[in-house]
Each structure stands twice: as C-alpha cells, then as structure tokens.
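Residue numbers for the sequence shown follow numbering that gives the first Met the number 0, beginning at 0 and rising by one.
Right, one structure below, let's go through it.
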Amino acid sequence: MYVEISESDLVPTTNEEEATYVKIVDKLRNVPVTVGGMYELRLKRYDDCAAIDEETYIEDDNGNENHSFWMCCKKEFYKIK
C-alpha cells in the first residue's frame, strides 16, 4: 500500500537489490498503484520445492500483493539513508 514516508528520509539507488522502496513514475497498464506513490518493497520467500527462492512485491492500493508492477510500471528505486 502507498506508504507515508518522506523522500528526505530516502536516497535514490540504481541497485534494485539494495532498494527498500519504489516510487511509481508511470503506469503502462491498469495496475492498482498511484503514480507518484512510494511503496515499500517486500520479500516473499518460498520453500525448497518452489522454482524460485524468493520474489519481491509491493502491497498495491487494493491491499493485495502485486508482482506485476515490475513489468507494468516505470519506477525509481530508493533506500533508507
């Protein structure tokens, strides 16, 4: 879900792996996120029988796990100072 955090508490990063927040700059599809909104990046870990170990997602404006923002949104990444 959209997070109330000041950008003054964050610094931009180009390293997606160290990012803790993502800012949605534009939407390419109808994704339930707010353009200009800052979202906390969350990590979902899977057990040993899954094809992948972990996956990053955001909680969208509807309160759902959203993995499609990676492909459907133009974004900027941030980390806490």
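For each residue, glycine too, the CB sits at the ideal point set by N, CA and C.
From a predicted model like this one, the values you see are computed outputs, not experimental measurements.
- Identify whether D8 lies in helix, strand or coil by the three-state DSSP scheme. Within the sequence shown, the letter at position 9 stands for residue 8. In this structure, D8 counts as helix in the three-state DSSP scheme.
- Item | Validate contact between the segment 53-67 and the segment 12-31 using beta carbons, cut 8 Å, 3 pairs | Yes: the two stretches touch, three or more of their Cβ pairs being nearer than 8 Å.
- Task: Could you tell me whether the Cβ of T13 comes closer than 8 Å to any Cβ of chain D?
- Result: Reference to chain D is not applicable here, since this structure consists of a single protein chain.
- Task: Just confirm the distance between the C-beta atoms of R41 and E16, as a whole number of angstroms; I'd bet it's less than 8 Å.
- Result: Counting from one through the sequence shown, the residue named residue 41 turns up at place 42. Counting from one through the sequence shown, the residue named residue 16 turns up at place 17. About 14 Å separates the two Cβ atoms, so there is no contact after all.
- In chain order, what residues of the same chain lie with their CB nearer than 8 Å to the CB of Y45, ignoring the 5 residues before and after it? Indexing the sequence shown from 1 puts residue 45 at position 46. Taken in chain order, the residues that qualify are I51, D52, E53, E54.
- Item | Neighbourhood of N63 by C-beta, 8 Å cutoff - its chain only, sequence neighbours within 5 removed | The residue given as residue 63 occupies position 64 in the sequence shown. Counting only Cβ-Cβ distances below 8 Å, and skipping sequence neighbours, we find P31.
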